[in-house]
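Residue numbers (UniProt numbering), protein chains in the order written: chain E, 1 to 275; chain L, 1 to 275; chain D, 1 to 275; chain F, 1 to 275; chain R, 1 to 275.
Heads up, the beta-carbon is just placed ideally off N, CA and C, and yes, glycines get one too.
These figures come from a predicted structure and were not determined experimentally.
Here the structure comes first, spelled out in structure tokens, and everything after it is commentary.
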Amino acid sequence: MISGADSAVTRSDKALILAYDHGLEHGPIDFEDVPASADPETVFDVATHDAVTAFAVGKGLAEAYYPSYEDDVTLLAKLNGTSNMWMGEPDSAVNWSVENAADLGAEAIGFTHYGGSNNEVEMAEEFRDAQEAARDHDMGVVMWSYPRGQGLKNDTSASTIAYASRLGLELGADITKIKYPGSADAMQWACDVAGNTKIVMSGGSKTSDREFLETVETAMSAGASGLAVGRNVFQRENPTELLDGLEQVIFEDKTADEALGVMSSAESRADTTSD
Amino acid sequence: MISGADSAVTRSDKALILAYDHGLEHGPIDFEDVPASADPETVFDVATHDAVTAFAVGKGLAEAYYPSYEDDVTLLAKLNGTSNMWMGEPDSAVNWSVENAADLGAEAIGFTHYGGSNNEVEMAEEFRDAQEAARDHDMGVVMWSYPRGQGLKNDTSASTIAYASRLGLELGADITKIKYPGSADAMQWACDVAGNTKIVMSGGSKTSDREFLETVETAMSAGASGLAVGRNVFQRENPTELLDGLEQVIFEDKTADEALGVMSSAESRADTTSD
Amino acid sequence: MISGADSAVTRSDKALILAYDHGLEHGPIDFEDVPASADPETVFDVATHDAVTAFAVGKGLAEAYYPSYEDDVTLLAKLNGTSNMWMGEPDSAVNWSVENAADLGAEAIGFTHYGGSNNEVEMAEEFRDAQEAARDHDMGVVMWSYPRGQGLKNDTSASTIAYASRLGLELGADITKIKYPGSADAMQWACDVAGNTKIVMSGGSKTSDREFLETVETAMSAGASGLAVGRNVFQRENPTELLDGLEQVIFEDKTADEALGVMSSAESRADTTSD
Amino acid sequence: MISGADSAVTRSDKALILAYDHGLEHGPIDFEDVPASADPETVFDVATHDAVTAFAVGKGLAEAYYPSYEDDVTLLAKLNGTSNMWMGEPDSAVNWSVENAADLGAEAIGFTHYGGSNNEVEMAEEFRDAQEAARDHDMGVVMWSYPRGQGLKNDTSASTIAYASRLGLELGADITKIKYPGSADAMQWACDVAGNTKIVMSGGSKTSDREFLETVETAMSAGASGLAVGRNVFQRENPTELLDGLEQVIFEDKTADEALGVMSSAESRADTTSD
Amino acid sequence: MISGADSAVTRSDKALILAYDHGLEHGPIDFEDVPASADPETVFDVATHDAVTAFAVGKGLAEAYYPSYEDDVTLLAKLNGTSNMWMGEPDSAVNWSVENAADLGAEAIGFTHYGGSNNEVEMAEEFRDAQEAARDHDMGVVMWSYPRGQGLKNDTSASTIAYASRLGLELGADITKIKYPGSADAMQWACDVAGNTKIVMSGGSKTSDREFLETVETAMSAGASGLAVGRNVFQRENPTELLDGLEQVIFEDKTADEALGVMSSAESRADTTSD
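Written as structure tokens, this is what we have:
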């Protein structure tokens with residue numbers, strides 16, 4: 001973690017990372033509920049929302065679409081990832097070099113690390129190369145820290161998530177993305193051991209607006225610096241509305257209740273306007 | 001996918017790729033029905049047909065024959081491939097460096113990716129290197145996206161083929177070659193999730209003219225940008241005739257019926273002439 | 001071992017290395033008894049104690065905190081390490097390049113070598129690269145020599161620890177960190193076979209002040225050049241006090257009894273002062 | 001295959017390669033019948049025979065003996081090979097870099113490829129590097145194409161040998177060395193699918209002069225461009241005599257009968273002279 | 001083998017290599033009988049004996065002690081080696097780069113090759129790199145050729161040792177170190193198949209002076225060029241005396257009897273002097 005290295009992908013030291021690597025990690029099945037979300041333009045458009053501090057995509061999407069959005073979107077280059085057709089121990093191919101990502105205009109790199117996988121050693125060494133190359137290009141470093149693999153019974157236990165958080169600090173991330181460990185106390189432990197690395201909570205599967213915003217509120221109170229979200233945004237008919245709400249909770253210190261109020265009044269105005 | 005990077009191997013945004021890597025992938029057994037097809041000159045001659053937008057061969061064939069055809073054939077360097085004597089999990093040796101391919105005059109690279117193989121991670125990283133080197137040489141990138149390997153029961157299911165299509169987009173191909181998934185709907189899904197990557201259908205085993213052209217017509221209507229074909233062309237006594245028909249369907253928006261009409265009238269004229 | 005190469009991390013040829021890689025190797029669980037020890041600033045502050053000749057941390061901690069301590073702390077770059085979630089044969093990812101460590105101001109490198117592990121050959125070759133790169137940057141080399149792995153029943157037997165000590169000499173360390181083998185005789189054997197490499201004893205799990213200081217006294221008498229310590233210092237409410245005692249034993253040739261006397265009188269004075 | 005790249009190791013488009021890598025591949029046991037053949041000078045002397053277009057040896061023999069023969073022998077650098085003490089799946093260590101071979105004066109490289117081995121992918125990639133480096137040094141490329149390994153029941157079936165032949169063409173050899181497939185028809189198939197790559201038959205185990213020459217005659221009639229021979233030459237008391245005969249069959253389009261006539265008359269003259 | 005490349009480590013074409021890598025390969029247990037032999041200075045002093053043409057040690061010992069002996073000892077850099085705590089198939093870590101060895105003043109490299117090990121292919125390729133780098137630095141090359149591993153029942157049979165000897169020639173060594181195969185005939189076979197590579201016999205476990213000198217005499221008569229010895233020298237109270245004897249047998253063509261005579265008269269003189 002280098003002081004200020006994350007500033008390109010944060011706003012007032014908070015981060016709302018929109019992640020869109022599902023086509024690689026899960027396949028088109030993730031787009032079925034909202035077919036328009038299969039079209040990268042739709043999601044790049046969502047990423048222009050003011051609340052989004054960085055948009056995490058792989059090389060192919062960046063090459064094909066980022067040139068049209070470079071003034072309105074901050075590119076976070078998700079360097080590694082693998083299809084879920086693969087049956088082996090958790091691993092992740094490095095699909096993108098840092099040099100190429102820098103040429104395409106990325107401000108930061110994203111890298112998945114599976115602590116506890118039989119491939120942990122190799123992944124850590126790939127992370128080393130990417131992290132040091134990112135420093136050479138003055139890019140920020142975000143680690144997706146997801147303990148997973150042989151011998152890990154419950155990868156969302158409080159101690160596992162705290163360990164995941166600490167690994168980001170120890171290995172040189174500026175921001176570490178962890179799963180929500182299920183309680184405010186566990187989240188606070190994870191934030192406490194992260195030193196001055198920023199912790200962002202991962203959005204996870206789709207849930208209701210209220211439940212989601214309340215979890216984010218809890219995480220922020222526990223010391224998190226924001227959120228990395230994918231399906232909970234782009235699997236909605238109106239992603240902008242939820243981003244309005246998240247903006248309140250993450251950047252304006254509002255409660256979930258307050259955010260929902262903002263969202264519904266905005267919706268009312270929108271309804272009025274569109275009538 | 002870089003805007004326009006595929007233009008060297010397309011015509012009016014459509015592609016008809018003639019592939020001739022069967023001697024490596026299947027061995028000489030593939031040439032037995034039409035023994036002349038074992039002679040690379042025969043197939044290079046076929047590749048001079050106007051409808052063929054690119055000819056995909058390996059290094060050895062390109063080195064030995066392309067110099068005599070460089071004015072009439074567009075070279076697509078098929079970088080990886082392996083004999084079918086090999087019994088392991090699906091894998092493909094990288095037999096050709098991008099630098100060497102560029103020196104020999106290739107306009108684009110072709111690369112096989114076996115999603116779901118135990119070698120997927122390694123192959124994706126080899127693709128990364130090849131794709132980025134191709135960009136350095138302003139070459140197009142075509143991915144043969146063929147999910148295959150441990151745990152993949154049916155590699156032509158609609159969701160597998162759609163995933164294959166999406167992987168081309170996610171990993172940085174300009175054109176992705178997929179197997180025909182068996183129905184117009186499934187093909188359309190695969191094309192819908194490909195973003196602005198072009199999808200070409202793979203020709204598969206030899207079949208009748210009508211059946212083949214109808215499948216191509218269906219694929220084009222479903223959103224495909226063309227075809228990559230091998231045995232269905234060079235295992236015929238008169239490959240030119242079929243290419244005439246394919247030209248109608250792919251580049252002239254004709255139906256299979258219309259194309260068959262063009263083919264038979266050309267044949268009649270040819271018969272007349274040769275009498 | 002190059003004559004004088006260790007001087008940056010020794011004082012009068014003695015070493016007291018404070019190690020703080022537990023967040024990586026063991027996870028946050030190691031900080032639970034003294035939660036403040038999870039905060040790197042707390043431990044960096046401890047490392048400013050005069051008795052500490054070098055502070056061993058990984059890249060992430062060095063990047064984030066060392067810039068604020070570079071005038072008061074000597075940085076020993078612990079290059080490799082792995083989480084204990086990993087279930088495989090003992091191995092250690094190389095998380096930090098020597099070049100990067102040199103740029104950040106490290107005076108020496110630290111490297112773990114697991115003799116007897118199935119990964120011994122690979123680790124030795126990684127050590128070779130790191131050791132030779134360290135020489136190119138005029139950095140000292142400290143080896144954590146910990147025989148461990150398949151076939152090693154008791155990795156603290158006298159002969160195993162003597163072997164560990166010798167490996168540091170044979171492979172090119174300036175200082176070799178070994179476990180205390182349980183007796184003065186065994187420790188002397190380990191020191192005798194180390195040639196002019198310096199041997200430092202590893203601190204191990206937390207124990208009482210007296211027991212700990214007596215072990216250090218024994219080790220020093222047996223020929224050791226000092227101590228590498230972590231939990232025995234930072235898992236105390238008053239780490240400075242113990243460092244005062246260790247300074248007596250390691251640098252002033254005092255007995256454990258004498259050191260305890262110094263510690264208690266200092267405490268009395270502190271008590272008086274704070275009253 | 002590059003037009004003319006093989007000319008350094010052929011004469012009038014025919015090749016007689018003397019191979020002497022048996023000390024590496026089989027060990028000294030291969031020299032027992034004719035102990036003098038263990039001495040490289042003996043075999044280098046044989047290689048000065050006019051009929052020998054290239055002499056294939058490994059790095060050690062080339063370094064030690066070639067400097068004395070560089071005016072009279074054409075060096076074919078056999079880059080890979082492994083002792084038969086090794087019990088694993090067929091594999092071959094790359095014992096010699098192309099750069100070093102070029103420095104020592106080699107005109108071409110020789111490389112073994114085991115199609116069907118579990119190591120096929122790795123060997124093909126090693127061949128790629130060697131083949132492309134050879135092109136950079138304007139050297140010819142000879143592939144020892146020997147399908148072998150898990151799942152290959154009969155590695156001299158007609159289709160396997162034809163496949164072996166085709167692999168040389170596909171992967172970029174100028175000359176491909178294959179085993180004799182047992183019949184003129186099978187040999188012709190192998191030659192037919194080789195495109196403009198030259199096919200040389202491998203000499204195999206020692207046999208009678210007549211049987212050997214008749215097989216070579218058959219191979220030449222079937223389209224082969226020559227022979228690569230080892231034991232059938234150097235395991236004879238008078239290797240020169242057999243080379244005289246092979247010269248007739250390979251370069252002078254003579255039958256085995258005619259060649260045997262030449263050999264016996266030469267022998268008669270030699271007998272007369274020595275009386 | 002390059003003509004004269006071994007001259008730095010031979011005298012009148014004979015070699016007496018003192019090897020001292022036992023601390024790495026066997027551990028300190030090898031020094032127990034003569035504890036002083038654990039101190040590298042003791043053995044470096046022995047290496048200054050005129051009969052010793054080269055001293056083989058690893059990087060650590062060379063770095064730490066060779067600077068004090070560079071006028072009196074010829075350094076043979078033993079590049080690879082591994083502890084015997086390791087339980088896997090025979091393998092040997094490359095602990096030292098040729099570049100570093102050349103910088104430290106080594107005149108030749110030493111490299112272990114385990115023919116027949118599952119790691120043979122990898123070791124041969126590591127040897128290739130080291131051998132070629134040594135040539136770039138005008139260094140001699142000594143191969144420790146020790147067939148060992150899966151499937152090798154008796155690694156000192158005559159044919160195995162002859163094979164070991166031949167491998168040194170084939171792969172590019174100047175001098176090959178082999179085990180004594182048990183008889184003069186077997187040793188002669190090994191020497192006969194070595195071409196102009198020099199063969200040195202390995203000293204093996206400690207034995208009596210007479211038995212040892214007689215074996216060396218036999219080996220020299222069979223065609224060996226000398227001896228590589230470790231424990232048989234440094235595990236004696238008076239290593240100099242035995243070196244005096246070996247000098248007679250190796251460099252002065254004396255018998256073991258004559259050498260023992262020289263040794264005892266020297267001892268008598270020494271006794272007289274010290275009285």
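### THR248/E vs ASP33/E beta-carbon contact at 7 Å
Sequence check: residue 248/E is Gln here, not Thr. No, Cβ-Cβ distance for GLN248/E and ASP33/E is not below 7 Å.
#### Entry: Reduced DSSP category for MET263/R - H, G, I as helix; E, B as strand; rest coil
helix
### Message
Could you check whether LEU16/E and ILE178/E sit closer than 7 Å to each other, using their CB atoms as the reference points?
### Response
no
### Message
According to DSSP, simplified to helix, strand and coil, what is THR197/E?
### Response
coil
### Message
Contact defined as beta carbons within less than 8 Å: I believe GLY195/L pairs with GLY230/L. What is the distance between those atoms, to the nearest angstrom?
### Response
Contact annotation, GLY195/L with GLY230/L: C-beta distance approximately 27 Å; criterion of less than 8 Å not satisfied.
### Task
Flag VAL121/R as yes if its beta-carbon sits less than 7 Å from any beta-carbon of chain D, otherwise no.
no
### Query
Which of the three DSSP states, helix, strand or coil, is assigned to MET85/E?
coil
### Query
How about GLN188/D: is its C-beta nearer than 7 Å to some C-beta of chain R?
GLN188/D does not count as touching chain R.
### Query
So TYR66/E and LEU104/E are in contact, right, with Cβ under 8 Å, and what is the actual spacing, rounded?
6 Å
#### Entry: In chain order, each beta strand (DSSP E) run of at least 3 residues that lies wholly inside the region 53–112 of chain F
54–57, 75–78
### Query
Alpha carbon to alpha carbon, how far is THR112/E from ALA124/E?
9 Å
### Whether SER165/L touches ALA190/L by CB criterion (7 Å)
yes
### Task
Note down, in chain order, each residue of its chain lying with its Cβ closer than 8 Å to the Cβ of GLU120/D, except the 5 sequence neighbours on either side.
Sequence-distant Cβ neighbours of GLU120/D in its own chain, meaning closer than 8 Å and more than five residues away, are HIS113, TYR114, GLY149.
### Query
Is MET1/D helix, strand or coil by DSSP?
coil
### Start-end ranges of the alpha helix (DSSP H) lying completely within the region 208–254 of chain F, minimum 4 residues
209–221, 231–234, 239–251
### Task
Report the rounded CA-to-CA distance for VAL43/E versus TRP144/L, giving the unit in angstroms.
26 Å
### Message
Can you tell me whether residue 276/F is helix, strand or coil according to DSSP?
### Response
As shown, chain F starts at 1 and ends at 275. That puts residue 276/F outside it, with no answer to give.
### Query
GLU170/F versus chain L: which residues are under 7 Å apart at the beta carbon?
GLY23, LEU24, GLY58, GLY60, LEU61
### Local conformation of VAL142/R per DSSP, three classes
strand
### Task
Count the other C-beta atoms from every protein chain shown that fall within 10 angstroms of the C-beta of ALA256/R, then say buried if there are 16 or more, exposed otherwise.
buried
#### Entry: LYS59/E versus VAL200/E, ILE2/E, ALA106/E, residue with shortest Cα-Cα distance
ALA106/E
### Chain-ordered chain L contacts of GLN150/F [CB-CB under 7 Å]
MET87
#### Entry: For MET201/D and ASP45/R, the rounded distance between their alpha carbons
Take the alpha-carbon of ASP45/R and the one of MET201/D: they are about 30 Å apart.
### Message
Strictly under 7 Å for the Cβ-Cβ distance: is THR82/L near chain F by that measure?
### Response
yes
### Query
Grouping DSSP H, G and I as helix and E and B as strand, with all else coil, what is ALA10/E?
It should be noted that the sequence gives Thr, not Ala, for residue 10/E. THR10/E: coil per DSSP, three-state reduction.
### Task
Figure out for me which residue from ASP91/L, LEU76/L, LEU243/L has the closest Cα to the Cα of SER83/L.
Out of ASP91/L, LEU76/L, LEU243/L, ASP91/L has the C-alpha closest to the C-alpha of SER83/L.
### Test item: CB-CB of ALA108/D and LEU76/D under 7 Å
yes
### Message
Quick check: what's the CA-CA separation for ALA173/R versus ASN118/R?
### Response
So the two alpha carbons sit approximately 21 Å from each other.
#### Entry: Helix, strand or coil at THR48/E according to DSSP, with G and I counted as helix
coil
### Query
Where do the N-terminal and C-terminal ends of the alpha helix (DSSP H) with ILE175/D fall, by residue?
ILE175/D -> not in any alpha helix (DSSP H); beta strand (DSSP E) instead, spanning 175–178.
### Query
Candidates GLU170/D, ASN80/D, SER12/D, LEU169/D: which alpha carbon is nearest PHE127/E's?
ASN80/D
### Query
Going by DSSP, what residues sit across from SER202/F in a beta bridge?
ALA228/F
### Message
What does the alpha-carbon distance come out to for the pair PHE55/L and GLY151/L?
### Response
33 Å
### Query
Is there a Cβ from chain D that is less than 7 Å from the Cβ of PRO90/R?
no
### Query
By the 10 Å Cβ neighbour count, where 16 or more other Cβ atoms means buried, how is SER12/E classified, buried or exposed?
exposed
### Task
Go ahead and pull the three-state DSSP assignment for TYR163/L.
helix
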